[in-house]
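Right, one structure below, let's go through it.
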Amino acid sequence: MAPNMRQDMPPGETASERVPLIDDRDRGEGWKEEGQDERSGEQSGGRGFFTVDDAVSGLGVGWFQVLMMLVVGFCALGEGANATVAAFVAPAVKCEWRLTDKQESLLTVWVFVGLLIGAYLWGALADIMGRKVSLMAATVGGILTSTLAAVMPTIGWLEFMFALMGFTFAGQFSGLTYLLEFVPAAHRGMWGVAAGLFWSAGILGNAATAWLVMPWHGWQGLMVITNIPYVVVLLLFPLVPESAHYLTAAGRSEEALKSLRWAARLNGTQLPEGELVVPAVEEDDSENECRHCSSKIGKFLSDSARLVSDSLWLTTLLVMVLYVCANVVYNIILLLTTQIHTKQTSTCEGQVFSLSAEDFREVLIVSSADLAGNVLPVFIIDFIGRKWCGI
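Numbering-wise, UniProt numbering puts 234 at position 234 of the sequence shown, and it's gapless, one number per residue.
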């Protein structure tokens with residue numbers, strides 16, 4: 001049975017130009033599940049229908065995904081650099097401003113406080129305003145906060161800016177979702193892990209940058225230089241479209257088609273023939289933007305509640321516990337290995353912090369371990385599966 005379609009068609013409009021809606025009650029028959037091989041959906045009177053997943057599968061993997069990887073990858077590069085910048089900055093600030101050990105430790109703590117607050121809020125923004133908008137805002141915020149942190153006059157203001165850095169840092173994690181929504185299901189494992197290589201390269205690059213910059217320009221220069229990957233991201237943003245998945249969910253079907261057509265053009269492929277099928281959404285109340293925005297927020301909260309429903313609460317709990325444990329261990333190792341080397345070999349004379357070339361080389365070698373550890377999963381995740389690769 002074909003989905004319930006709009007029967008009204010403006011004069012002169014062809015079937016391929018129309019974007020019909022599908023009600024939730026019809027999703028069981030007309031909705032295509034992810035990873036299906038068919039290029040088009042149900043047939044009705046010779047007309048085909050396809051979903052965003054059908055279109056993405058038909059795109060294949062090509063130059064468009066490479067472009068998306070560059071955008072998201074450079075964002076991850078900046079994330080990796082900023083994740084370890086406190087390990088270099090905190091000892092230098094302690095020496096220059098004569099801080100206590102507690103004040104030095106709080107600099108790193110405030111980053112994670114901001115990260116904790118921002119994680120949920122940026123996720124909500126990505127669902128309400130769009131993946132591209134959210135990632136762009138977080139990128140601009142990352143540039144502003146780290147640059148302002150370099151000119152803060154007191155430790156209190158510096159702690160505040162580090163908290164804001166952590167807050168904007170959380171928003172950049174939506175980049176992976178943005179990328180994978182344009183990657184066919186059969187390739188998402190490899191491309192998702194490959195994006196992590198940029199994160200590791202950012203950690204390694206930050207150590208190399210600290211070696212080159214800090215002896216001459218201090219920790220302030222390092223804070224500013226780490227923004228270079230974010231600037232590259234802003235230059236590439238005009239070349240990539242908004243997520244077609246988000247656009248269809250928001251009822252912006254024509255924009256979703258433009259997004260998919262641009263991707264197909266770069267890949268040298270074509271979209272499936274027929275009409276794009278999207279979920280039915282409420283009409284936009286342009287006369288009351290506040291009401292429209294509040295309805296989006298309400299829908300987001302309602303969708304979030306499904307994570308603790310009877311069928312999902314156990315999976316949600318297990319994933320959260322695993323994620324917390326993995327990130328606690330990872331960040332402890334990541335930050336401590338860098339700080340141990342800087343504290344053991346650094347000198348503070350006349351409120352001037354310094355590391356020798358040999359010290360920086362040791363930190364660089366330690367930082368390279370993260371990059372090496374991310375290479376193998378890229379090649380094995382699609383063969384042994386996500387679960388066993390994680391184990």
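Using N, Cα and C, we set each Cβ at its ideal position, and we do this for glycine too.
Return the chain-ordered list of same chain residues with a C-beta closer than 6 Å to the C-beta of residue i, the five sequence neighbours on each side being excluded.
| i | result |
| --- | --- |
| Phe360 | Trp211 |
| Gly141 | Thr168 |
| Lys64 | Here residue 64 is Phe; the residue named in the question, Lys, does not match the sequence. Excluding sequence neighbours, Phe64 sits near Ala263, Leu266, Asn267. |
| Ile143 | Asn227, Tyr230 |
| Glu181 | Ser243, His245 |
| Gly35 | Low per-residue confidence applies at Gly35: pLDDT is 40, beneath 50, and the placement is therefore not dependable enough to give any value. |
| Arg261 | none |
| Val375 | none |
| Glu255 | Leu247 |
| Ser57 | Pro184 |
Out of the options, which one is the CA nearest neighbour of residue i?
| i | options | result |
| --- | --- | --- |
| Ser174 | Arg386, Val72, Val277, Val366 | Val72 |
| Met129 | Ile384, Glu254, Asn327, Glu242 | Glu242 |
| residue 412 | Leu271, Leu59, Thr84, Val183 | The requested residue 412 is not part of the displayed model; the chain covers only 1 to 391. |
| Phe198 | Gly385, Arg386, Ala92, Gly373 | Gly373 |
| Tyr330 | His245, Ile228, Leu236, Ala369 | Ala369 |
| Met136 | Val109, Tyr230, Ile117 | Tyr230 |
| Val233 | Ile155, Ala87, Cys75 | Cys75 |
| Leu236 | Glu254, Lys132, Ser302 | Lys132 |
| Ser200 | Thr108, Leu364, Thr177 | Leu364 |
| Val328 | Ser146, Met161, Leu116 | Leu116 |
| Met214 | Gly60, Gly58, Leu355 | Leu355 |
| Thr51 | Gly385, Ser146, Ser253, Arg386 | Ser253 |
| Ala357 | Leu106, Leu322, Trp216 | Trp216 |
Can you list, in chain order, the residues of its chain with a C-beta nearer than 7 Å to that of residue i? Leave out the 5 residues immediately preceding and following it.
| i | result |
| --- | --- |
| Leu239 | Leu67 |
| Met380 | Per the sequence presented here, residue 380 reads as Ile, with Met not at that position. Answer for Ile380: Cys389, listed in chain order. |
| Ala249 | Pro279 |
| Ser286 | Confidence at Ser286 is low in this model, with a pLDDT of 47, below 50, so the placement of that residue is unreliable and no value is reported for it. |
| Lys122 | The amino acid occupying residue 122 in the given sequence is Trp; Lys does not appear at that position. Cβ neighbours of Trp122 beyond the five flanking positions: Ser134, Ala138, Ala170, Gly171, Ser174. |
| Leu99 | Val93, Ile155 |
| Cys348 | Cys95 |
| Leu176 | Val72, Gly192, Ala195 |
| Gly189 | Ile381, Asp382, Arg386 |
| Thr108 | Ala86, Ala90, Leu335 |
| Met152 | Leu158, Met161 |
| Ala326 | none |
For residue i, which residues in the same chain have their Cβ closer than 8 Å to its Cβ, ignoring the five residues on either side in sequence?
| i | result |
| --- | --- |
| Met69 | Leu179, Trp191, Ala194, Ala195 |
| Leu312 | Arg306 |
| Leu371 | Leu197, Ser200, Ala201, Ile203, Leu204 |
| Val308 | Thr316 |
| Ser259 | Pro241, Glu242, Ser243, Ala244, Leu247 |
| Ala81 | Gly202, Ile203, Gly205, Asn206, Thr209, Thr226, Pro229 |
Does the distance from the C-beta atom of residue i to that of residue j stay below 7 Å?
| i | j | result |
| --- | --- | --- |
| Phe353 | Cys95 | yes |
| Glu79 | Ala90 | no |
| residue 415 | Ala150 | In the structure as shown, the chain starts at 1 and stops at 391, and residue 415 therefore has no counterpart that could be examined. |
| Val113 | Ala185 | no |
| Ala124 | Leu271 | no |
| Glu159 | Trp110 | yes |
| Ala119 | Leu335 | no |
| Leu276 | Leu257 | yes |
| Leu59 | Thr209 | no |
| Met161 | Thr145 | yes |
| Val61 | His187 | yes |
Under a CB-based cut-off of 7 Å, is residue i close to chain C?
| i | result |
| --- | --- |
| Leu106 | Annotation note: the requested chain C is absent from the structure, which comprises a single protein chain. |
My parser needs the alpha helix (DSSP H) runs of 4 or more residues fully inside the region 248-280; what are they? 253-267
Contact between the region 196-211 and the region 163-174 is defined here as three or more beta-carbon pairs at a separation below 8 Å; is this criterion met? no
List, from N- to C-terminal side, the alpha helix (DSSP H) runs of 4 residues or more that fit wholly inside the region 136-198. 155-171, 174-180
Could you tell me whether the region 371-385 touches the region 219-229, where touching means 3 or more Cβ pairs closer than 8 Å? no
Output the residue ranges of the beta strand (DSSP E) runs that lie fully inside the region 35-111 and measure 3 residues or longer, sorted by chain position. 47-50
Which whole runs of the alpha helix (DSSP H) in the region 348-383 are 4 residues long or more, in chain order? 357-373
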